[in-house]
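Here the numbering used here is used: position 304 in the sequence shown is 569, and no number is missing along the way. Ideal Cβ placement from N, Cα and C applies to all residues, glycine included. Each remark here refers to the structure printed beneath this line.
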Amino acid sequence: MRPFTLIAMTLLVTNLAASQDRAYGRSMVISPNGIVATSHYLASQAGARILAQGGTAVDAAIAANAVLSVTEPMMNGIGGDMFAIYWDAKTGKLSGINASGWAPQALTPDYLRAKGITKMPSHGIDSVTVPGAVAGWAAMHKRFGKLPWRDLFQPAIYYAENGYAVPEIIHDAWANAYFTDEGKRVFLPNGHPPELGAVFKNPDYARALRLLADRGPDVFYRGEIGQALIATSSELGGTMTAEDLAQFAPEWVDPISTEYRGWRVYELPPNGQGMAALSMLNIMEQAPPSADGPQGTAELHKKIEAMQLAYADLQRYLADPRVSTVPTSGLLSKQYAAKRAKLIDPNKARCDYGAGAPTGSDTTYLTTVDREGNIVSWINSNYSEFGSGVVVKGMGFPLQNRGGLFVLDPAHPNVLAGHKRPYHTIIPAFMEKGDQHIGFGMGFPLQNRGALFVLDAGHPNVLAGRKRPYHTIIPAFMEKGDQHIGFGIMGGHNQPLAHAQFVSNLVDYRMNIQEALSAPRFTVGRDFCHIPIESRVKPEVIEQLRAKGHSLEVRREYSVLMGRGQAILHDSTKKMNFAASDPRADGSAEAEMPHFYAPKQ
266 MRPFTLIAMT
276 LLVTNLAASQ
286 DRAYGRSMVI
296 SPNGIVATSH
306 YLASQAGARI
316 LAQGGTAVDA
326 AIAANAVLSV
336 TEPMMNGIGG
346 DMFAIYWDAK
356 TGKLSGINAS
366 GWAPQALTPD
376 YLRAKGITKM
386 PSHGIDSVTV
396 PGAVAGWAAM
406 HKRFGKLPWR
416 DLFQPAIYYA
426 ENGYAVPEII
436 HDAWANAYFT
446 DEGKRVFLPN
456 GHPPELGAVF
466 KNPDYARALR
476 LLADRGPDVF
486 YRGEIGQALI
496 ATSSELGGTM
506 TAEDLAQFAP
516 EWVDPISTEY
526 RGWRVYELPP
536 NGQGMAALSM
546 LNIMEQAPPS
556 ADGPQGTAEL
566 HKKIEAMQLA
576 YADLQRYLAD
586 PRVSTVPTSG
596 LLSKQYAAKR
606 AKLIDPNKAR
616 CDYGAGAPTG
626 SDTTYLTTVD
636 REGNIVSWIN
646 SNYSEFGSGV
656 VVKGMGFPLQ
666 NRGGLFVLDP
676 AHPNVLAGHK
686 RPYHTIIPAF
696 MEKGDQHIGF
706 GMGFPLQNRG
716 ALFVLDAGHP
726 NVLAGRKRPY
736 HTIIPAFMEK
746 GDQHIGFGIM
756 GGHNQPLAHA
766 QFVSNLVDYR
776 MNIQEALSAP
786 RFTVGRDFCH
796 IPIESRVKPE
806 VIEQLRAKGH
816 SLEVRREYSV
826 LMGRGQAILH
836 DSTKKMNFAA
846 SDPRADGSAE
856 AEMPHFYAPK
866 Q
């Protein structure tokens with residue numbers, strides 16, 4: 266009898282395993298309650314705990330983002346920028362926020378040229394723009410939060426004071442980072458990056474977070490943290506003043522969108538690069554999905570060429586719309602996409618597409634959904650790893666280097682100017698269809714967003730005081746009927762094409778959100794002609810693409826170069842939430858605990 270039982274059980278397990286064969290390694294997290302998906306499990310757990318305490322999706326996002334600023338300081342933090350899209354489950358209304366900082370008033374092309382600088386620096390104090398993240402958190406909390414501001418920072422303060430174990434991806438990222446002396450003191454104990462599995466503490470940053478929790482966001486822009494930031498800038502010869510900080514405010518914006526095969530896909534408007542994702546989808550839509558599948562030669566060729574076309578326009582036109590004219594409506598018209606798509610040769614690759622002439626007038630990503638179905642697609646970034654490499658003395662955080670995305674050409678719309686925002690790469694996203702709603706698409710360093718300015722006076726992204734640079738971070742949202750998806754995939758200039766690949770996987774090839782995130786991807790390399798691609802794509806496909814003229818670099822199976830995404834789908838009819846976390850990161854999706862397990866408030 267026992268042998269029969271053993272054989273029967275073996276057959277049962279074998280049949281069960283065969284019925285569940287799949288091409289991706291993770292399962293979706295499914296729950297009728299809230300879910301938080303981030304690139305680090307401690308941040309996901311912190312956000313889920315906030316939901317269990319009765320917090321909103323925004324409360325959970327702030328708490329998770331604060332923890333990410335401790336556990337992934339090279340990626341994000343209070344020295345960086347943030348963007349978000351919020352979907353209200355009751356009204357169906359989308360709200361967008363642009364919390365990207367502007368250039369200091371005195372940081373101009375003439376100032377840099379007088380120092381002998383002819384190209385926007387990618388590191389150092391002259392790449393630093395005003396950090397917008399804290400102002401963005403505060404604005405979102407004021408409008409959509411519920412729990413006290415102070416409570417949201419307690420998990421992050423705990424990990425900054427008591428430490429956390431350094432995981433693989435973070436360990437690898439610190440090895441070659443650029444730092445000033447203060448950055449080396451904080452992030453390179455004993456002169457070296459923390460070892461894998463070592464417990465890393467940042468008491469300076471714990472102090473900064475405690476100040477922020479106890480005194481509110483004004484302490485960053487008008488108080489003790491801001492004073493430390495300005496003192497650090499002055500010591501390093503920077504131009505940022507107390508007025509540059511105090512006068513900054515985030516901007517509420519209406520998302521821009523396009524329809525892709527019945528789905529409405531949303532991104533935030535310029536100065537972020539989200540319009541490139543929409544342009545790429547519009548061009549891809551001009552041809553049906555390829556019969557050879559998402560990783561076939563014809564489909565990959567089409568997507569690479571669509572990316573080349575969309576990015577050519579992005580580089581020419583993207584700038585701060587407060588300062589420069591950006592022809593967004595023309596770039597997103599279906600007629601313009603059809604015209605651009607005709608330039609694609611199905612048998613030959615090109616990387617020399619120029620910008621078109623449209624008519625008419627873009628990290629760490631997380632997404633949350635609460636038990637009411639409200640979704641936040643949220644992204645925060647320093648731009649480069651540890652941003653500018655400048656760490657605020659005594660506060661333990663790096664500053665971003667977004668200013669490096671400006672140009673110095675006075676004729677370019679992204680030319681540097683005071684209080685202008687640069688081209689921005691970070692893009693949260695959202696999509697929906699029917700009953701399903703999907704959100705997809707962060708001591709402290711100062712970001713190096715100023716590195717996104719240019720010094721070419723003829724370029725719209727030219728550096729100017731109080732101007733915002735071209736920005737890379739882009740949250741996204743897509744929907745069709747009652748299906749809503751918030752999503753985002755971090756990774757600088759990779760983000761628009763990663764968004765387009767994710768959307769195509771869902772819409773064209775009927776993948777679920779975890780399959781769509783896990784599927785092989787390609788990205789842009791050192792220039793738009795160089796295409797890194799994951800080795801899970803078949804060797805014969807790689808060779809066929811090379812025969813068409815594509816310059817491909819084959820990377821490992823799950824390369825971090827492809828970005829690290831998160832996604833949440835809300836099905837309004839089923840009253841159910843589905844979440845996915847990219848296997849290319851150390852992250853997870855964590856469901857809100859049932860209320861009878863929830864800790865007391």
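Discussion item. Please classify Asn341 as buried or exposed, where buried requires at least 16 neighbouring CB atoms within 10 angstroms.
Written reply: Burial check for Asn341: the Cβ neighbour count within 10 Å reaches 16 or more, so the residue is buried.
Discussion item. Assess contact between the region 381 to 397 and the region 423 to 440, defined as three or more Cβ pairs (one per stretch) separated by less than 8 Å. Is contact present?
Written reply: No: the two stretches stay apart, fewer than three of their Cβ pairs being nearer than 8 Å.
Worksheet entry | Cβ-Cβ separation, Gly389 to Ser653 (assumed contact under 8 Å), whole Å | That pair is a contact at about 6 Å.
Fill in: Of the residues Pro559, Tyr601 and Thr336, the one placed nearest Phe651, counting alpha carbons only
Considering only Pro559, Tyr601 and Thr336, the residue with the shortest C-alpha distance to Phe651 is Thr336.
Fill in: Closest by C-alpha distance to Pro554, when choosing among Arg731, Arg775, Lys466 and Asp836
For the options Arg731, Arg775, Lys466 and Asp836, the alpha carbon positioned closest to that of Pro554 is the one of Arg775.
Discussion item. For Trp402 and Asn726, I'd like the C-alpha separation in whole angstroms.
Written reply: The C-alpha of Asn726 is placed about 26 Å away from the C-alpha of Trp402.
Item to complete: Kindly indicate the opening and closing residues of the alpha helix (DSSP H) around Leu720.
Response: Leu720: not part of any alpha helix (DSSP H); DSSP gives it neither H nor E.
Worksheet item: From Met858 to Met841, what does the alpha carbon distance come to, in whole angstroms?
Response: When rounded, the distance between both Cα atoms is 15 Å.
Practice prompt. Please state whether DSSP places Thr504 in a helix, a strand or coil.
Written response: Of the three classes helix, strand and coil, the one that applies to Thr504 here is coil, per DSSP.
Fill in: Whole-Å CB distance - Pro740 paired with Ser846, under 8 Å assumed
Contact between Pro740 and Ser846 fails: their C-beta atoms lie close to 16 Å from each other, not under 8 Å.
Discussion item. Is the separation between the beta-carbon of Val730 and that of Thr373 shorter than 8 Å?
Written reply: Reading the sequence as shown, one finds Gly at residue 730 and not Val. When the beta-carbon positions are compared, Gly730 and Thr373 come within less than 8 Å of each other.
Practice prompt. Determine the closest residue to Pro535 out of Ala364, Ala463, Thr497 and Val451, with distance taken between C-alpha atoms.
Written response: The shortest C-alpha separation from Pro535 is found at Ala364.
Practice prompt. Ignore the nearest five residues each way along the sequence and tell me which others in Ile548's own chain have a CB closer than 7 Å to its CB.
Written response: Closer than 7 Å at Cβ, skipping near neighbours: Ala571, Leu574, Ala575, Ala602, Arg605 and Ala606.
Item to complete: Out of Gly410, Gly503 and Asp469, point me to the one whose CA is closest to Met321's CA.
Response: According to the sequence as given, residue 321 is Thr; it is not Met. Among Gly410, Gly503 and Asp469, the Cα nearest to that of Thr321 is on Gly410.
Worksheet entry | Ala722 vs Val680 beta-carbon contact at 8 Å | In terms of Cβ geometry, Ala722 and Val680 form a close pair [threshold 8 Å].
Worksheet item: Helix, strand or coil: which one does DSSP assign to Ala364?
Response: Residue state for Ala364 is assigned as strand, using DSSP reduced to three classes.
Worksheet item: Candidates Ala354, Lys813, Gln512 and Asp519: which alpha carbon is nearest Trp367's?
Response: When each option's Cα is compared against that of Trp367, the closest is Gln512.
Worksheet item: CB Leu664 to CB Leu377, shorter than 8 Å?
Response: Cβ atoms of Leu664 and Leu377: not closer than 8 Å.
Worksheet item: In chain order, what residues of the same chain lie with their CB nearer than 8 Å to the CB of Ala463, ignoring the 5 residues before and after it?
Response: Within its own chain, the residues whose Cβ lies closer than 8 Å to the Cβ of Ala463, once the five positions on either side in sequence are excluded, are Ala430 and Val431, listed in chain order.
Item to complete: Check whether the Cβ of Glu337 sits closer than 7 Å to any heavy atom of the ligand GDP, and report yes or no.
Response: Ligands displayed in this structure: none; no statement on the ligand GDP is therefore possible.
Worksheet item: Enumerated in chain order, which unbroken segments of the beta strand (DSSP E) with a length of 3 residues or greater are wholly contained in the region 793 to 843?
Response: Fully enclosed beta strand (DSSP E) runs of 3 or longer: 795 to 799, 816 to 820 and 831 to 836.
Item to complete: Count the other C-beta atoms from every protein chain shown that fall within 10 angstroms of the C-beta of Pro425, then say buried if there are 16 or more, exposed otherwise.
Response: Per the sequence shown, residue 425 should be read as Ala rather than Pro. Buried.
Discussion item. Taking its Cβ as the centre, do 16 or more other Cβ atoms sit within 10 Å of Gly361, making it buried, or is it exposed?
Written reply: Taking all protein chains shown into account, Gly361 has 16 or more neighbouring C-beta atoms within 10 Å of its C-beta and is therefore buried.
Worksheet entry | Secondary structure of Lys613, DSSP reduced to three states | Lys613: strand per DSSP, three-state reduction.
Worksheet item: Where does Asp509 sit, in a helix, a strand or coil, going by DSSP?
Response: Judged by DSSP in its simplified three-state form, Asp509 adopts helix.
Worksheet entry | CA-to-CA distance, Pro559 to Pro526, given in whole angstroms | Residue 526 is actually Arg in this sequence, not Pro. Roughly 16 Å separates the two Cα atoms.
Discussion item. Rounding to the nearest angstrom, what Cα-Cα distance links Asn639 and Glu805 in this structure?
Written reply: Near 44 Å, if we compare the C-alpha coordinates of Glu805 and Asn639.
Item to complete: Would you mind working out which of Ser334, Arg786, Thr737 and Gly669 sits nearest Gln419, comparing C-alpha positions?
Response: Of the listed residues, the one whose Cα sits closest to Gln419 is Ser334.
Practice prompt. Pull up the distance between the alpha-carbon of Val655 and that of Gln551, whole angstroms please.
Written response: CA-to-CA, the gap between Val655 and Gln551 works out to about 46 Å.
Item to complete: Report yes if the CB atom of Gly746 is closer than 8 Å to the CB atom of Ala614, and no otherwise.
Response: Gly746 places its beta carbon 8 Å or farther from that of Ala614.
Worksheet item: Taking all protein chains shown into account, do 16 or more other C-beta atoms lie within 10 angstroms of the C-beta of Leu834, making it buried, or fewer, making it exposed?
Response: Burial call: buried.
Practice prompt. Compare the beta carbon distance of Thr838 and Gly312 with 8 Å and say whether it is the shorter of the two.
Written response: For the pair Thr838 and Gly312, the CB atoms are not nearer than the 8 Å cut-off.
Worksheet item: Looking only at its own chain, which residues have a Cβ that is under 7 Å from the Cβ of Ile782, when we skip the five neighbours before and after it?
Response: Before going on, a small fix: residue 782 reads as Leu here, not Ile. For Leu782, where only same-chain residues beyond five positions count, the Cβ hits under 7 Å are Phe767, Gly830, Ala832, Ala845 and Asp847.
Practice prompt. Determine the direct distance from the alpha carbon of Glu637 to that of Leu918, and round the result to whole angstroms.
Written response: In the structure as shown, the chain starts at 266 and stops at 866, and residue 918 therefore has no counterpart that could be examined.
Discussion item. Do Pro785 and Arg811 count as a contact pair if the criterion is CB distance below 8 Å?
Written reply: Going by C-beta atoms, Arg811 is not nearer than 8 Å to Pro785.
Worksheet item: Secondary structure at Asp346, three-state DSSP: helix, strand or coil?
Response: In the structure shown, Asp346 sits in a strand (DSSP, three-state: E or B).
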